[in-house]
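No gaps in the numbering here: position 236 of the sequence shown is 235 in numbering that gives the first Met the number 0, and each next residue is one more. Note that beta-carbon positions come from the ideal geometry of N, C-alpha and C, so glycine has one too. Down below is the structure, laid out as structure tokens.
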Amino acid sequence: MLCTKAKALSWSIYLGLFVVLATIPLTWVLWAKKVKFEHDIGQMITEVGRGNQSGLFLLGSLVHVDLDEAKVLIRMFILACGARYLSPFNEYSEWAVVEEEKHVNCDIPIIPVVVYDFLYDMKDFGHQVFSNSWVFRRRDVIGYHNPAFKWFEIGDNISHSIPFGTFFEAEFKIEKTETSPSASLLVPDPAYRYPHDLYVAFPTLSLYDNSTNTQLPFLSFPIAYSANSFIAEVELSNVYNCVTDNLTNFHCRDALIRLKRTYITKSIAILALVTGWLLTGMTVIITIIVLSNSIHKSSEKRAHDAVIDSGVPDSILVLPIATILAIPALRSLFPSAPPTGILYDHIGVYPQLLLIFGCGLLLLLAIIFG
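Structural data, given as structure tokens:
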């Protein structure tokens, strides 16, 4: 019987180690491509250039996400696709996209560009002044592109060096829901769902030719890189009319910026949760085996009236003590140090600590009352 229990214990330990070791390469295989795309600026530029599009787009880089202040900081570069907005010298740049023998070039625009961000009052959000037009409190200039500035190149560490002109940074307010900013006041804190929490920002943007004050086609707004364990995905609305308080009309697009945890962050959090449950399960199994062995020896002692040591060794208490200290250590591995009381605490840390404490208490009682 003891041999059977020892084999069961050995198999449970081997199974736990296999699950932990197999999770790491499996996670990498499933998410390696997505992780690479988070940082592949060249791939993002190529995607914008597909389909023979002509116009301008913003290439963003996530700089900082501050959940306490509810703000996200994004660095942006202004790029263009199509010969109409590019220098003839850039006709065959390294970012030319070949699709059905048509070259779609994306590079630095040769025209001066200004980027507007339209702001609104919470009480006026969604106030429709006339058909297909929305009123905004004001418009702010958040960035310029001056083609006279000297160009330079930066590396994206994945593909090639990329030519850029001037860049600018803009700060947007973070909301808790995608419906409307005012609804953020009525929804629970997304931090509870860590690492599956989602935050959004709602900038309303417009690109204009600064020399002629004419609207420019706004194609896309991809955002690369990660910051504070977040990545950004952007969805642009259709073009519509924006009206400021002085009744000036502009063509603009809403940019729905979704801030999600990186795939690496999710992998680490899930792996820490699974490891905690494996350690807890191992402690419970060992406790059951030790206590059942002690009860079996006590039964044999009473049946044969023999002197049999049925006591539980004192050293066994090291197991629950070490495990109960390991669980908070695993919790501290969660990237970005989420607050206590999140979902993973309720389905992981709290019941794990309770079970391990119960195992330690049972072993202590078995030692005392032998």
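- The C-beta separation of Val62 from Ser219 comes to about 19 Å, leaving the pair out of contact by the 8 Å criterion.
- Per DSSP, Ile230 is one residue of the beta strand (DSSP E) stretching across 229-235.
- Sixteen is the threshold: since fewer than 16 other Cβ atoms of the shown chains lie within 10 Å of the Cβ of Thr213, the residue is exposed.
- Annotation: the continuous alpha helix (DSSP H) that includes Tyr349 extends over 349-368.
- For Ile315, DSSP assigns no beta-bridge partner whatsoever.
- Taking each of Ile355, Ile346, Ser335, Asp313 in turn and checking the Cα distance to Leu324, the smallest one comes out for Ile355.
- Taking the Cα of Leu277 as reference, the smallest distance to any Cα among Ile326, Gly81, Tyr84, Asp208 is reached at Ile326.
- Annotation for Ala365: Leu290, Ser293, Val311 place their beta carbon closer than 7 Å to its own, counting only its chain and skipping 5 residues before and after.
- The three-state secondary structure of Leu278, taken from DSSP, is helix.
- By the Cβ-count criterion, Pro108 is buried, with 16 or more other Cβ atoms from all chains shown falling within 10 Å of its own Cβ.
- Around the Cβ of Glu68, a 10 Å sphere holds fewer than 16 other Cβ atoms; the residue is exposed.
- Under the three-state reduction of DSSP output, Ser331 falls in the coil class, being neither helix nor strand.
- Residue pairing by DSSP puts Ala79 in a beta bridge opposite Leu55, Asp106.
- Ile44 places its beta carbon 8 Å or farther from that of Leu57.
- Note on Leu258: 16 or more other CB atoms within 10 angstroms of its CB, so buried under the neighbour-count rule.
- By the C-beta density criterion, Asp313 is exposed, having fewer than 16 other C-beta atoms within 10 angstroms.
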